[in-house]
Amino acid sequence: MDDALLMHRLHFAFTATFHYLFPQLTMGLAPLIVILKTLYLRSGNPLYNRAARFWARIFGINFVIGVVTGIPMEFQFGTNWSEFARVTGGVIGQPLVMEGVFSFFLESAFLGLFLYGEQRLSKRAHWWTAFAVFAGSWLSGFFIIVTDAWMQHPVAFARLADGTFQVTSFWGLLLNPWALMQYSHNMCGALITGVFAMAAMGAYYLLDGQWVEEGRLFLRVGVVAGVIACIVQIFPTGDLQGRYMAAQQPVTTAAMEGLFNSEVGAPMVILGQPDVENQRIDNPLVVSKVLSFLIYGTATAEVKGLNAFPKSDWPTSIPLLYYGYHIMAGLGTIFVAVMSGAALLLWRGALFTTRWMLWIILLCAPLPFVANTAGWMTAEAGRQPWVVYGLMRTADGYSKTVHAGNGLFTLLGFMGLYMLLGILWLFLVQREIASGPEVA
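Per the working numbering: the sequence shown = residues -2 to 437.
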């Protein structure tokens, strides 16, 4: 791989990975804040309002860092990926602009009203500001997914004489089947991040013996919402996206599963290490015929392996794709088990006093960030070697006049700056946790 191309890919991978640590939490917390405000509106219990206000402060800190780290990514289209931007700008420019409108004008405006306008608004009007923040954050996520989904599965476009792409149907672009499936799966992942953060905060307060009433509320809301989100993440959203990917990107599915040779009744690899050179899985732990059943609904179906496709179309980093997918799937299974166990204890009235489960929930708090990152790595590494699947190679999309040294210099600068932003985020969030859900 060309040194400059590798550097540009590493540069964008770093900024995108770091940035998405923050939006996934804001998008996950937004509906939970609406739930807390709804409970307050219906019951009048100030406990719910204190809880909503507390999480709104966490949301606000996260939102600011997410905006600061997200803006440079759009500039990178012009600096590091100028040829890609020139050719595809007529398509991807539209959803990216709409994402900015909903993120900066709807979400940020109503977030300000929610944080600072409670004393000037009625209870119902303040509830609407919370709902508007939720709608803005989820619409913002939708337009980003539409952009990425077009790169994964191009629809509703025409190629002009100069080689550029233009939209032929705006609604066709928005209703791309890949986008709808990817969006539902992605937002479930974000919600899982939010519910684990809320439940872990409740577990921390109970274990620490402070803010006990709020801690119990955080656990109840987090666990109940978490059971639903974790199950929906696997079925139907994950199942539908997996089936659609197998139909549209079969070579990606083969690489994800470590399937080098086409097989009738293909097994699913639970554990193992891919040996690309020898085209095999070392130390495999497999479940016979499960992959064929999951994709085609029958255990006797043939699943195409990597050998059915030219090597030039294989994903450029099969081990990264394989491990990213298995980390995501493995953690998703763990999330279902943890939340189901916590829900059972909650139903039996024993969750708040079962310290070993509280510790498990607390220690699981960072894992949704890992799972979501692994999921995005699976999606983006799986699309390679295409920047627009089937239409434009990644090697044809980067800025040829920006050399590897320039990319390395700016990457090191971003790494230093983002480290400072990460430290600032930890400091501000830790201060809010220590202060607790203060009484207004």
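Glycine included, C-beta positions come from ideal geometry on N, C-alpha and C. This one's a predicted model, so the numbers in the text were calculated from it and none came from an experiment.
Worksheet item: Can you tell me where the beta strand (DSSP E) with residue 271 in it begins and where it stops?
Response: 265 to 272
Worksheet entry | C-beta atoms of residue 14 and residue 370 nearer than 8 Å | In this structure, residue 370 lies closer than 8 Å to residue 14 by Cβ.
Item to complete: Could you check which residue in 424, 392 and 431 has the C-alpha nearest to that of residue 79?
Response: 392
Worksheet entry | Alpha carbon of residue 389 to alpha carbon of residue 161, nearest angstrom | 11 Å
Practice prompt. Write down the C-beta distance between residue 164 and residue 154 rounded to the nearest angstrom, noting that I regard them as a contact closer than 8 Å.
Written response: 6 Å
Worksheet item: Just reading off the alpha helix (DSSP H) that residue 139 is part of, what are its end residues?
Response: 120 to 149
Practice prompt. Grab the span of the beta strand (DSSP E) containing residue 448 for me, first residue to last.
Written response: Within the shown structure, residues of the chain are numbered from -2 to 437, placing residue 448 beyond reach of any answer.
Worksheet item: Do the segment 397 to 411 and the segment 1 to 20 make contact, defined as three or more Cβ pairs closer than 8 Å?
Response: yes
Worksheet item: Is the segment 134 to 148 touching the segment 188 to 202 in the sense that three or more CB pairs, one from each, lie closer than 8 Å?
Response: Short answer: they don't touch.
Fill in: Range of the contiguous beta strand (DSSP E) that encloses residue 383
383 to 385
Worksheet item: Ends of the beta strand (DSSP E) at residue 282?
Response: 277 to 284
Worksheet item: Does the Cβ-Cβ distance between residue 359 and residue 200 come in under 8 Å?
Response: yes
Worksheet item: From residue 202 to residue 215, what distance separates their C-alpha atoms?
Response: 9 Å
Item to complete: Identify which residue in 195, 226 and 98 has its Cα closest to the Cα of residue 211.
Response: 195
Worksheet item: The alpha helix (DSSP H) spanning residue 72 covers which residue range?
Response: 43 to 76
Worksheet item: Should residue 282 and residue 267 be called a contact, given that it needs their Cβ atoms to be closer than 8 Å?
Response: yes
Discussion item. Three Cβ pairs or more, each shorter than 8 Å: is that satisfied between the segment 323 to 334 and the segment 291 to 303?
Written reply: no
Practice prompt. Flag this pair as yes or no: are the beta carbons of residue 130 and residue 104 separated by less than 8 Å?
Written response: yes
Worksheet entry | Cβ shell of residue 437 (< 6 Å), same chain only, five flanking positions each side left out | Low confidence applies to residue 437: its pLDDT is 47, below 50, so where it sits in the model is not reliable, and the reading given next is rough at best. Once the five neighbours on either side are set aside, residue 437 has no close Cβ partner at all.
Worksheet item: Contact check, residue 62 vs residue 19 under 8 Å by CB: the rounded distance?
Response: Between residue 19 and residue 62 the Cβ distance is about 5 Å, and since that is below 8 Å, they are a contact.
Worksheet entry | Supposed contact pair residue 192 and residue 158 - C-beta distance, whole angstroms, cut 8 Å | The pair is not a contact, with the Cβ atoms about 51 Å apart (cut-off 8 Å).
Discussion item. For residue 25 and residue 108, which I take to be in contact (beta-carbon distance under 8 Å), what is that distance rounded to the nearest angstrom?
Written reply: No, residue 25 and residue 108 are not in contact; Cβ-Cβ is about 15 Å, not under 8 Å.
Practice prompt. With a 10 Å radius around its C-beta and 16 neighbouring C-beta atoms as the bar for buried, classify residue 172 as buried or exposed.
Written response: exposed
Discussion item. Considering Cα atoms alone, identify which of 422, 52 and 344 is closest to residue 197.
Written reply: 52
Discussion item. Taking a contact to mean a Cβ-Cβ separation below 8 Å, would you say residue 329 touches residue 228 in this structure?
Written reply: No Cβ-Cβ contact shorter than 8 Å links residue 329 with residue 228.
Discussion item. Less than 7 Å separating the Cβ of residue 199 from some heavy atom of the ligand MG?
Written reply: Of the ligands one can find in the structure shown there are none, so the ligand MG has no counterpart to examine.
Practice prompt. Report yes if the CB atom of residue 151 is closer than 8 Å to the CB atom of residue 384, and no otherwise.
Written response: Not a contact, by the Cβ cut-off of 8 Å.
Item to complete: Find the nearest neighbour of residue 205 within the set 349, 92, 27 and 48, judged by alpha-carbon distance.
Response: 349
Fill in: Own chain residues within Cβ distance below 6 Å of residue 422, not counting five before or after
62
Item to complete: For residue 355, count neighbouring Cβ atoms within 10 angstroms of its own Cβ and tell me buried if that reaches 16, exposed if not.
Response: buried
Item to complete: Look at the alpha carbon of residue 338 and the alpha carbon of residue 363, and state the distance between them as a whole number of angstroms.
Response: If you take the alpha carbons of residue 338 and residue 363, they lie about 19 Å apart.
Practice prompt. Alpha carbon to alpha carbon, how far is residue 365 from residue 264? Give it in angstroms, no decimals.
Written response: 27 Å
Worksheet item: From residue 287 to residue 259, what does the alpha carbon distance come to, in whole angstroms?
Response: 14 Å
Discussion item. Mapping the DSSP letters down to three states, classify residue 406 as helix, strand or coil.
Written reply: helix
Worksheet item: Three-state secondary structure (DSSP) at residue 435?
Response: coil
Worksheet item: Can you tell me the Cα-Cα spacing of residue 307 and residue 66, whole angstroms?
Response: Taking the straight line joining both Cα atoms gives about 38 Å.
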